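Q:
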Amino acid sequence: MSPRRKFVAGNWKMHTTIAEGRELARAIRAQLEGVEGVRIAVIPPFTSVAAVAEVLRSSRIEVGGQDLHWEEKGAFTGEVSGPMLRDAGASLVLVGHSERRQYFGETDESANRKVRAALATGLSPVLCVGETLAERDGGRTLEVVGRQVREGLAGLTPDELGRVCIAYEPVWAIGTGRTAAPEQAQEVHAAVRSILRELGGNVADAIPILYGGSVKPDNAPALLALPDVDGALVGGASLKASSFSAIVRAAI
Ligand code: PEP
28 MSPRRKFVAG NWKMHTTIAE GRELARAIRA QLEGVEGVRI AVIPPFTSVA
78 AVAEVLRSSR IEVGGQDLHW EEKGAFTGEV SGPMLRDAGA SLVLVGHSER
128 RQYFGETDES ANRKVRAALA TGLSPVLCVG ETLAERDGGR TLEVVGRQVR
178 EGLAGLTPDE LGRVCIAYEP VWAIGTGRTA APEQAQEVHA AVRSILRELG
228 GNVADAIPIL YGGSVKPDNA PALLALPDVD GALVGGASLK ASSFSAIVRA
278 AI
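So in the numbering used here, spot 177 of the sequence shown is number 204, and the numbers just go up one at a time.
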């Protein structure tokens, strides 16, 4: 039996107005009323974080941000800081999502600064890692993911490591309808777990490693049953309360 409670988070990406976000959060809350034994979060765009947090107040469903800047405040037009996210009601934040790496120049170094900033603010960082198709085809998956994990978490104390989550999201599986086969996911999750053990000793066994990449209600049960898969980071399927709730239920 795994010592880790499963964790399912929905990344809404650049979807939902404030009104739509409230509506979706209300529907998710209603569908998951009474569901226990699994950690649940929704991650709306910045503009909806406060409104969604309001709808989910006193529920078990957490709210997160999709990114943060490493400074607390300052002349950084367009950026949002950890304390601002906390203020809006967030308890966690994605860092280094592959879309940030691919389109907005996020690097392992910036991801590391953001992980540290999140921890300093009291937010739980979800560090996203994953290989491209070319990297997988070139046999470099474990090297790439290993580097992203080591550099993203560089300099953290074991105590800080214990507050981090990892999301393994093969880039070729995000939003494509292609999912890693269970054995592919398990291989990478187990490799990440052994790096976490090197970095943090026993703490590693408590760090959730989520799988992401076209997780849907029909493939969730097989993925969530894998020994080192501790939950799911869900994109497209988190935009419908029914499919997100079905994935959460598959995690129990
Ligand atoms: C994601 O954006 O983190 C993701 C996994 O998206 P999707 O589920 O749509 O592939």
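Ideal placement from N, C-alpha and C gives every residue a C-beta, glycine not left out. Nothing here was measured: the structure is a model prediction, and the numbers come from that model.
State the beta-bridge partners of Leu119 as determined by DSSP.
A: Translated into positions along the sequence shown, residue 119 becomes position 92. Leu119 pairs with Gly91 and Ser151.
Q: Under 9 Å, do Gln93 and Ile67 count as touching if we go by C-beta distance?
A: For the purposes of this step, residue 93 is taken as the residue at position 66 of the sequence shown. For the purposes of this step, residue 67 is taken as the residue at position 40 of the sequence shown. No, Cβ-Cβ distance for Gln93 and Ile67 is not below 9 Å.
Q: Assign Ile279 to one of two classes, buried (16 or more other C-beta atoms within 10 Å of its C-beta) or exposed (fewer than that).
A: Position 252 of the sequence shown, counting from 1, holds the residue named residue 279. Exposed, since its Cβ has fewer than 16 Cβ neighbours within 10 Å.
Q: Between which two residues does the alpha helix (DSSP H) carrying Leu251 extend?
A: On the sequence shown, residue 251 is found 224 positions in, with the first residue counted as 1. Ala247 to Leu251 is the span of the alpha helix (DSSP H), which, as asked, contains Leu251.
Q: List the whole-angstrom C-beta distance separating Lys33 from Gly240, where the pair is believed to meet the contact cut-off of C-beta under 8 Å.
A: By one-based count along the sequence shown, residue 33 stands at place 6. By one-based count along the sequence shown, residue 240 stands at place 213. Not a contact, Cβ separation roughly 17 Å.
Q: CB of Leu260 to nearest heavy atom of the ligand PEP: below 8 Å?
A: What you label residue 260 is simply residue 233 of the sequence shown in a count that begins at 1. Indeed, a heavy atom of the ligand PEP lies less than 8 Å from the Cβ.
Q: Evaluate the contact criterion for the stretch 154-161 versus the stretch 195-203: three or more CB pairs, one atom per stretch, below 8 Å.
A: At 8 Å Cβ cutoff, the stretches touch.
Q: Indicate whether Ser85 and Thr148 have their beta-carbon atoms separated by less than 9 Å.
A: Taking the sequence shown and counting its residues from 1, the one referred to as residue 85 is at position 58. Taking the sequence shown and counting its residues from 1, the one referred to as residue 148 is at position 121. No, the pair does not count as a contact, with Cβ atoms beyond the cut-off.
Q: Taking C-beta to C-beta, are Gly189 and Ile222 nearer than 9 Å?
A: Start at 1 with the first residue of the sequence shown, and residue 189 comes out as number 162. Start at 1 with the first residue of the sequence shown, and residue 222 comes out as number 195. No.
Q: Find the nearest neighbour of Val191 within the set Gln175, Ile236 and Arg167, judged by alpha-carbon distance.
A: By one-based count along the sequence shown, residue 191 stands at place 164. The residue with the shortest Cα to Cα distance from Val191 is Ile236.
Q: Taking the straight line between their C-alpha atoms, what separation do you get for Glu63 and Gly48?
A: Sequence index remark: in the sequence shown, residue 63 carries index 36 (1-based). Sequence index remark: in the sequence shown, residue 48 carries index 21 (1-based). Rounded to whole angstroms, Glu63 to Gly48 spans 23 Å at the Cα level.
Q: Shortest alpha-carbon distance to Asp186 belongs to which of Thr203, Ala207 and Asp232?
A: Position 159 of the sequence shown holds residue 186. When only C-alpha atoms are compared, the closest one is Asp232.
Q: Could you tell me how far apart the beta carbons of Leu146 and Val215 are, in whole angstroms, since I believe they sit closer than 8 Å?
A: Translated into positions along the sequence shown, residue 146 becomes position 119. Translated into positions along the sequence shown, residue 215 becomes position 188. Contact doesn't hold; Cβ gap of about 24 Å is too wide.
Q: Does DSSP classify Ala54 as helix, strand or coil?
A: Along the sequence shown, read from residue 1 onward, the residue named residue 54 stands at position 27. Looking at Ala54 - three-state DSSP - the assignment turns out to be helix.
Q: Which stretch, first to last residue, makes up the alpha helix (DSSP H) that contains Ala77?
A: The sequence position of residue 77 within the sequence shown is 50, counting from 1. Start and end: Phe73 to Leu83.
Q: Using the rule of at least 16 other Cβ atoms within 10 Å of the residue's Cβ for burial, across every protein chain shown, is Ser19 buried or exposed?
A: Because the chain here runs from 28 to 279, residue 19 falls outside it and cannot be looked at.
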